[in-house]
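Comments concern the structure below.
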Amino acid sequence: MIHVDNLVKEYKRPVRKEGLFSGIRTLLSRDFAVKRAVDGISFHIAPGELVGYIGPNGAGKSTSIKMLTGILVPTSGRIEVNGLAPHKQRKEYTRQIGVVFGQKTQLWWDVPVIDSLRLLKDIYKVSNVEFSRNMELFSDLLDLHEFQHTPVRQLSLGQRMRADLAAALVHTPRILFLDEPTIGVDVVAKERLRNFIKEINRERKVTVLLTTHDMRDIEKLCTRMMIIDHGQMIYDGSVEQIREKYGRHRTLVVQFEREIPEFSAPNAECLKSEGGKLWFRFDRLATTPSELIAYISTRYPIIDLAVEEPEIEDMVRAIYGGS
Amino acid sequence: MEELRIYVKLIRISMRSRLQYRADFITGIISVLVLNAVNLGLIGILVHRFTQLHGWTVWDLVFLYSMFVLSHSLYSLLFWHFNMMDTYIAQGTFDQFLIRPISPLIQFLGREIQYIGIGDIVVGVAAFGLAYSNKGLHWQAWQWLFFAVAILSGTVVEMSIRWIIASTAFWLGRSLSLANIMNRFNMLVQQYPIDLFGTWFQIVVTVIPISFLNYYPSLVLLGKTTDGAWLRFLPPIVAAVSISAAALVWRAGIRRYASSGS
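Chains A and B, in that order, give the protein sequences. Positions in the first sequence are counted from 1; adding 49 to them yields this note's numbering. Positions in the second sequence are counted from 1; adding 4 to them yields this note's numbering.
If you want it as structure tokens, here you go:
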């Protein structure tokens, strides 16, 4: 469905001059600094996939999304989505995709949500049947009917994001690009947005590519994730795999009867101790929790224990750091 | 035609947005009426002192003024929004026009119409009516036709100039200073016959064809020129050239935007 080969995007920025008439001289100068925002990225996304696209700020995520949506023209490389080149066949292409930029609404600010949706219906020439079917879906899953007659400027951020999602789906696109769709939204509203995205992906077989800084979005939604840093792909694979590769460490939390001094166990180091509670970090390939528990229980009586899985966020941080 | 239909719908939405701020709507129109009354009052005082300005009587000048305002009113009603384009480019909100299956221009212009253009229309029609009756004009059909063509051509000319200025924001990021310079030229050309300011000024406002909004058509309609025959055909030609040039600059600008972001 989405084929990206060796995609490159370079920005040319004039080098800023110092001193007298610096503004004018910068304008007229031919000195450019070239920045590679996206530096040779390749990937394929199959129909119906739900892929998370993550990376630190300035890594090239937004630039990639802008090229995929046809807003920006690649410096080199190839993008083909559903057989079309996004920026070349813009009119045809935009009919097949839905786009949400979490930071900027695409709705008309001062009019009720439903007016924006009706206008989009006309723009995309959506039939009445299709439109009312979609509206029904939006009501069921997004509770759109609760605020569809409210002007956008009076909506909460969560509602606005729901309205934006609806707006991106009015024409039943086959591919959905979501650039930070959960940004700034509270936990409850986030959950609801996630459920909706998941539902759309599962029931309608919409292919979804989403960027986010919230790893819970990835955990809850995506089976596959791509990590980009400094314009290059540093990871592309399943969320499971990343757990195996970078999440080998577990933490065993043990509650003892009384306060005891810190000690280490074979293949496990004690991270901290607090009121009779000790945290042991271990590599699950080197030892197992049961071995560890057996060892510890011979030394002090244990009241309670738990094994903590690493947060995916920590793993991703490890990957960023390692690249 | 499909795009035009969408444009009308876009405008309808923007009107509805506007009308949510009713007080702003009404004060806007009143302010335009006052502004134009002051302008015309000043001309009146000036010419009252001297009876003539470079061979133009007070009603000649009111006529000149009315032609400008009529052309300008249609421009400001429909195309004033070009002045906002650099903001869209600087903030990256221009992106939204590139992800829909209709032309970015239609989507952009459909964002807003400037209702204060209605005030300009009122002033323009009134000033024209006064000048026409006070000068005792009795036009034949061709003159009315020329008048209409000249007004529409003037609208297209001003729209094209503003379109080009707006498009420079694709390269420069901002176009406000250019727009402000243009406002200055507008004010001079609107109120005075351009030959008053000497040859150089006349050349400038002929090359940047803002004088085709009122000066050249007025020469024909007020019989101020003997070799006016060819001037009759000039306004639509100038309009066509201007809008073609603007469309080219715009297309280059969009290409530039697509390759650079903002």
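The beta carbon of each residue, even a glycine, is placed where N, CA and C say it ideally should be. Bear in mind the structure is a predicted one, so any value in this text is a computation, not a measurement.
- The three-state reading of DSSP puts B/V126 in helix, counting H, G and I together.
- Between B/S171 and B/G257, the C-beta spacing is below 9 Å.
- Below 8 Å, too few C-beta pairs join the stretch 118 to 136 of chain A and the stretch 271 to 279 of chain A to call them touching: fewer than three.
- Around the beta-carbon of B/V127, 16 or more other beta-carbon atoms lie within 10 Å, marking it buried.
- Around the beta carbon of B/I155, a 10 Å sphere encloses 16 or more other beta carbons of the protein chains shown; the residue is thus reported as buried.
- The alpha-carbon of B/I106 is positioned some 16 Å away from that of A/A216.
- Taking a contact to require three or more Cβ pairs closer than 8 Å, the stretch 253 to 271 of chain A and the stretch 221 to 238 of chain A qualify as touching.
- Around B/A170, no beta-carbon contact reaches into chain A at under 8 Å, the shortest distance being about 18 Å.
- If you look at A/R202, you'll find it isn't in any beta strand (DSSP E); DSSP assigns it neither H nor E.
- Sequence-distant partners of B/L37 (beyond 5 residues in either direction) whose C-beta falls short of 6 Å from its own C-beta, in its chain, are G123.
- Between the stretch 18 to 33 of chain B and the stretch 114 to 121 of chain B there are three or more inter-stretch CB-CB distances shorter than 8 Å, so the stretches are counted as touching.
- The three-state reading of DSSP puts B/I10 in helix, counting H, G and I together.
- For the stretch 168 to 188 of chain A, residues whose beta-carbon sits nearer than 9 Å to a beta-carbon of chain B comprise L168, L169, D171, I172, Y173 and K174.
- Beta-bridge annotation (DSSP): A/S125 is paired with A/V57.
- In this structure, A/G280 places its C-beta atom within 9 Å of the C-beta atom of A/A108.
- For the stretch 101 to 131 of chain B, the beta-carbon criterion of a distance under 7 Å to any beta-carbon of chain A is satisfied by L102, I103, R104, P105 and I106.
- Interface annotation, A/E141: in contact with chain B, CB-CB separation under 9 Å.
- Boundaries cannot be given for A/V234, as no beta strand (DSSP E) includes it and DSSP labels it neither H nor E.
- For A/E268, the three-state secondary structure derived from DSSP is helix.
- Beta-bridge analysis with DSSP links A/D353 to A/Q304.
- No Cβ of chain B is located within less than 9 Å of the beta carbon of A/K110.
- Here the C-alpha atom of A/A212 lies approximately 36 Å from the C-alpha atom of A/E358.
- A Cβ-Cβ contact shorter than 9 Å links A/K153 with B/G96.
- Taken atom to atom, the span from the alpha-carbon of A/N244 to that of A/V255 is near 14 Å.
- By the neighbour-count criterion, in which 16 or more other beta carbons inside 10 Å mark a residue as buried, A/N177 falls on the exposed side.
- Taking 9 Å as the cut-off, the Cβ atoms of A/P123 and A/V175 do not count as close.
- Taking one beta carbon from each stretch, the stretch 330 to 347 of chain A and the stretch 288 to 304 of chain A have 3 or more pairs nearer than 8 Å; the two touch.
- Using a Cβ-Cβ cut-off of 9 Å, B/K228 does not count as an interface residue toward chain A, since no Cβ of chain A sits closer than that to its own.
- Per the coordinates, the alpha-carbon of B/A183 lies some 31 Å from the alpha-carbon of B/K228.
- Listed along chain A, the residues sitting closer than 7 Å to B/K13 by beta-carbon distance are L168 and D171.
- Around the Cβ of B/V42, a 10 Å sphere holds fewer than 16 other Cβ atoms; the residue is exposed.
- Within chain B, the residues A262 have their CB atoms less than 8 Å from the CB of A/H136, given in chain order.
- For B/D28, the nearest beta carbon of chain A is not closer than 9 Å to its own beta carbon.
- CA-to-CA, the gap between B/Q206 and B/S35 works out to about 31 Å.
- Straight-line measurement puts the Cα of A/K140 at about 32 Å from the Cα of B/I241.
- DSSP places B/Q56 within a strand segment (E or B) once states are collapsed to three.
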